[in-house]
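Numbered according to our numbering, the sequence shown terminates at residue 1028, and the numbering increases by one at each position without gaps.
Every residue, glycine too, gets a C-beta built ideally from N, C-alpha and C.
For clarity, every value in this text was computed on a predicted model and none was experimentally measured.
Written out below as structure tokens is the structure these notes cover.
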Amino acid sequence: MQHSLSSGDALSPDIYRQLFDAVDAGFCIIEMIFAGDRPSDYRFLAVNRAFEQQTGLFNPVGRTASELVPALEQHWFDVYGRVALTGQPEQFENGSAAMGRWFDVHALRVGDVGARQVAILFSDITERRRSAEDARESDERLQYALSAGKGIGTWDWDVPADLVRADSRFATLYGVDSAVAARGAPLASFFAGIHPSDRPATQDKIAIALASGDTFTAEYRLVQPDGSVRWVAAQGRCRMDDEGRPLRFPGVSFDITDQKMAAIRQAALLELSDRIADLSDVGDIAYVASEILGRTLDVSRAGYGVIDQIAETITIERDWNAPGVQSISGTLKFRDHGSYIDDLKAGRTVAIADVEGDARTVDTADVLRAIDAASFVNMPLLEQGQFVALVFVNNGRPRPYGDYDIALMREFAVRVRAATERVRAEQARRESEEEFRVFTQAVPNQIWAARTDGAFYWFNDQAYVYTSAPTGSLVGLDAWRAVIHPEDLSSAEASWAAARLAGTVYENEFRMRRADGTYRWFVARGEPVRSDNGELIRWIGSNTDVDDYRCAAADLEALNATLEEQVSARTAELMRTEEALRQSQKMEAVGQLTGGIAHDFNNLLTGISGSLELLGVRIAQGRYADVERYSLAAQGAAKRAAALTHRLLAFSRRQTLDPKPTDINRLVAGMEDLVRRTVGPAIEVEVVGAGGLWSTLVDPHQLENALLNLCINARDAMPDGGRLTIETGNRWLDDRGARDRDLAAGQYVSLCVSDTGTGMTPDVIAKAFDPFFTTKPLGVGTGLGLSMIYGFARQSGGQVRIYSEPGDGSLICIYLPRHFGVADEGEVQPDLADAPRARAGETVLVVDDEPTVRMLVIEVLEELGYAAIEAADGAAGLKILQSDRRIDLLVTDVGLPGGMNGRQMADAARVGRPKLKILFITGYAENAVIGNGLLDTGMHIMTKPFAMEALAGRIKELIEGA
């Protein structure tokens, strides 16, 4: 063929098709499918007539190998993928367990590498391989038995005396008493167990061995006492005297039932596949399967029937019967033949070895024997759990049915079912195509079909009637362009090309020329049709006349032009009003917030400034006894101011948090006495701590503050006393539960405070988290408690929810994410007087733009014996850090003037001092990484304001490397 092509005298495609259809070998062209670089499947593009006979696969063109043979081995994909990629032809013999066949294969690439197409010429060599394999296995069995001395049993025949001595295994298998076999018994005693059909051939082979002295080899069946059959391979050699007369005949026999049954099963399934491949009638498929099954199992009858479960009947259209056995086709009642119908309805296979010995058939044994069913197997077939059909075999004599028999029946049932479904699917396809044809001709729309390359291959009659084009003239890639308005053609082509490229729905509007030459508007819509594996295989679409609709729409558009102007003007006015309302609400919230802050801070500043003023007066008067009282008053006011600041930051979710792994049970236990003293004796406090409570990553001080606020609110809601319950728990939130709480699904720890107080209305609950909103009397509370708790919880990755009804009390729960770690132990802060002293030479650099803060920190450092250096901004601090002076610790504010904040200065300092310890002191989280668990190693944080003794302890702890 290469010579013909090179000479320019190439054969036509039709001649190639005739050549390949004429050869007995199978031939196909496949297209490889890759998953990345690995070949994962291939699709059949073309096959010759011998393909189906050689493979047992039907209608393969356009389908994939995995679709036809789901369990096909990977090595087929690998070999053909290698040929497609490298272009190197390969010739090999290989088998497919999934197909039950062996093939001699020649594979070579066709086309360029991008096409990934492979041509395959192959022949089914299953029978040749099986013959060779049977011969090899027979020889191996003989060698094994003779060399190892092991098998089912051994014999030694004294030919002149006609006494066969055998071991117990041999005797048992052949149905001879072991003691008799040990003493010796005539050969005929052992021959009685051989299957009547196999006995003549076995006797002939023995006669040949006696006459020639050649090796005796035979395979035959032994009928067991229970009627079952075992396959045996026997081998031996006759020893002759000097005159050539037989003296002794020793040998060995071993059980080959498993191998033989497997070969019989495979042969039966292959025959079944070959014979039903071309059948298109369901009844013929069922009969052929019954015939092969009956012959393979050596029974009297086999068949298939349809079940009426209500009437408890089976209708047999056609059954296979052995010679001399009458057919039972027709409708039979199960109850006339026994009570086993109940098992069949339950989906259980019924196998009865002897109808006279089974309780379900003993009363109807005569009826069953009369129809050659002394033993039988009934296998129910279910559809959606309903008993709809039956596969059965009958035998005229009692016999057992083993696992091999049941398994083979089941495999036959599966394959027949698949073939039946194939036939029914083909019938349904033909009916569907006919219905589609009738439907498309009945609808008023123009219906069309196109291939994936955009070529139209079919239009219904309406398209030809409208355009007056001859039938078939619109088919092809470009013929349709002639009936589209020239002004709409480019848009139509572009839309059609884009839809094909993307594989999405095609939609477009254009004008089509009518038979009288006028143009009308149409809407074209095409749907991509895909195979089961998602591959685009064709397009089906329609053209709908919308010319009248477009005209009506244009008239309506003109009519409504004035109305639209009015609606637009009204809409613009409403939008302006809404914007003004939003601005008013925004200003009201800002005014409320600033007013509350001013009110509280004026009170606190009065307390601080007044206390300090009186403190100065008393010192000037020498009245030192009052100094401590005014000092404590000023400190208390300052602490309340700090608390207010923290609450405002918590509300805005910008406060500086210092989260730590926290055991909430331990935190609650530490606050229990404080809570009891705060709420007073009229309120019963109950703490319910969950066992095995998870830890959570949270700022413990802020959580304590939140808990105390909740308890105070609960107390205020119970003016006449009541019960306050603090409860912790582990919470698994699924998607729905998390969505209800505005959280991500996962594991959370809950801290809940409930009371038996007045409860809240829905309106109050809706505003409870607003800043400065309170239901308490004027001057009682700031209205920041719940807003602070809400801000703190959200900043910590959690949520707060209120559950309440008026008169039934309230339950407020804080949900915090679970932390997978061990909770920290609590810290005890030393007194400033007891704070540890510095060692000689230890130096601390303090950087803060607030002189008062620098002064106080340096005072504390010098009080503790540290050498202190100060700087007012980041640039000055960095200059000191880049010098060679000793610095054991950097204490710096985060927000610094001069264009360099504290974090930037610290990062720059660590370039030259990588092990420098750093303590950030801040009153506001200006950098999102501060206080959110993202600090580098050796960096720590304290929030202003802080106690001087706390600062002293933290400094010593950092310098000593704790």
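- If you look at E752, you'll find it in the beta strand (DSSP E) that goes 749–754.
- Rounded to the nearest whole angstrom, the CA to CA distance from M784 to D821 is 8 Å.
- Under the DSSP assignment, T1009 falls in the beta strand (DSSP E) whose first and last residues are 1005–1009.
- Taking one beta carbon from each stretch, the stretch 509–517 and the stretch 601–612 have 3 or more pairs nearer than 8 Å; the two touch.
- For W142, the secondary structure class from DSSP, reduced to helix, strand or coil, is helix.
- In terms of Cβ geometry, I272 and A258 do not form a close pair [threshold 9 Å].
- Counted as a single uninterrupted DSSP element, the stretch harbouring N779 is not any beta strand (DSSP E) but the alpha helix (DSSP H) occupying residues 766–782.
- For P828, there are no CB contacts under 8 Å within the same chain when 5 residues up- and downstream are skipped.
- By the 16-neighbour rule on beta-carbons within 10 angstroms, G1019 is buried.
- The beta carbons of Q332 and G166 sit closer together than 9 Å.
- The C-beta distance from P510 to Q528 rounds to 7 Å, short enough to meet the 8 Å contact threshold.
- L911 and V866 have their C-alpha atoms roughly 42 Å apart.
- Under DSSP, N461 forms a beta bridge with S441.
- Counting C-beta pairs with one atom in each stretch, the stretch 413–427 and the stretch 377–394 have fewer than three that are closer than 8 Å, which means they do not touch.
- Residue pairing by DSSP places F158 opposite V171 in a beta bridge.
- At the C-beta level, T238 and N599 stay beyond 9 Å of one another.
- The beta-carbon distance between F442 and F458, rounded to whole angstroms, is 6 Å. This is short enough to meet the 8 Å contact definition.
- In this structure, the alpha-carbon of Y470 lies about 12 Å from that of L359.
- Beta-bridge partners assigned by DSSP to N796: V815.
- Counting only runs that start and end inside the stretch 95–146, the alpha helix (DSSP H) elements of at least 4 residues fall at 116–121, 131–134.
- The three-state secondary structure of E309, taken from DSSP, is coil.
- Bounds of the alpha helix (DSSP H) holding M327 are 323–342.
- The Cβ-Cβ distance between P883 and G812 falls below 9 Å.
- By the criterion of at least three beta-carbon pairs nearer than 8 Å, the stretch 919–937 is not in contact with the stretch 799–819.
- Of the other Cβ atoms in all chains shown, 16 or more fall within 10 Å of the Cβ of D954; this residue is therefore buried.
- Under the DSSP definition of a beta bridge, Y881 partners with S816, Q865.
- Listed in chain order, the non-local C-beta contacts of T323 below 6 Å within the same chain comprise R296, W297, local neighbours out to five positions each way being set aside.
- One alpha carbon belongs to E573, the other to E559, and they sit about 11 Å apart.
- Going by DSSP, F1012 is part of no beta strand (DSSP E) at all; its letter is neither H nor E.
- Restricting attention to A780, G688, L817, D621, the CA atom closest to the CA of A735 is found in L817.
- In this structure Q948 is exposed. Its beta-carbon is surrounded by fewer than 16 other beta-carbon atoms within 10 angstroms.
- Between the alpha carbons of M1008 and K1022 lies a distance of about 14 Å.
- By the Cβ test, the stretch 480–489 is not in contact with the stretch 394–407, since fewer than three Cβ pairs between them sit closer than 8 Å.
- Counted as a single uninterrupted DSSP element, the stretch harbouring W562 is not any beta strand (DSSP E) but the alpha helix (DSSP H) occupying residues 552–568.
- The C-alpha of W546 is placed about 51 Å away from the C-alpha of L448.
- Setting aside the 5 residues that flank it on each side, E936 is surrounded in the same chain by V912, R920, I924, each with a C-beta closer than 7 Å to its C-beta; the list follows chain order.
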